[in-house]
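Everything on this sheet refers to the single structure shown next.
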Amino acid sequence: MRSHKEMDLVSNFMGLPSDRAETTTRPPLSMENLVEKVWEDWGIGEEETIESIISGNWQKIVGRNLSGKCAPVNLSKDGKTLLIRAASSTIKQELSFRKIEILKKINSLKDCRAVKNLRIN
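Residue 3 in our numbering sits at position 2 of the sequence shown; the count goes up by one each step and never skips.
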């Protein structure tokens, strides 16, 4: 065990409080409480945007096979065009073939009726 003098010397060297009364001994937060605190501090989950609705339903929109090979990026400023990033030209072509079907599925989602076009990159 180290003496109080040694602890004070190490604390001073490291720029830490040397008096044990200055340190708090509260227990650490659980991971669940830490995540909740961060979500609350950052405002995560408070406002549901059209982009978050589309992202959350992406696998339902394009199907399981395509969902891992493409992703929605963002909406245009007017909210009418969805930019989609595709992993390859083959995926781009498949998305183009299914454009009308994809738009119908997007438009069926809550608050997503304004999306009228897809831009696939």
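From the three backbone atoms N, C-alpha and C, an ideal C-beta is built for every residue, glycine too.
Residue pairing for residue 87: DSSP places it in a beta bridge opposite 71. Non-local beta-carbon contacts of residue 96 in its own chain, meaning distances under 8 Å to residues more than five positions away in sequence, involve 63, 67, 71, 85, 87, 103, 119, 121 in chain order.
In the three-state reduction of the DSSP assignment, residue 65 falls in the helix class.
If you draw a 10 Å sphere on the C-beta of residue 101, you find fewer than 16 other C-beta atoms in it, and that means exposed.
Residue range 118 to 121 is occupied by the beta strand (DSSP E) that includes residue 118. Assignment of beta-bridge partners to residue 76 by DSSP yields 83.
DSSP, read as helix, strand or coil, puts residue 12 in helix.
In the structure shown, the three-state DSSP call for residue 42 is helix. Per DSSP, the unbroken alpha helix (DSSP H) holding residue 104 starts and ends at 100 to 108. The distance from the Cβ of residue 76 to that of residue 54 is about 11 Å, inconsistent with a contact at the 8 Å cut-off. The beta carbons of residue 115 and residue 78 sit no closer together than 9 Å.
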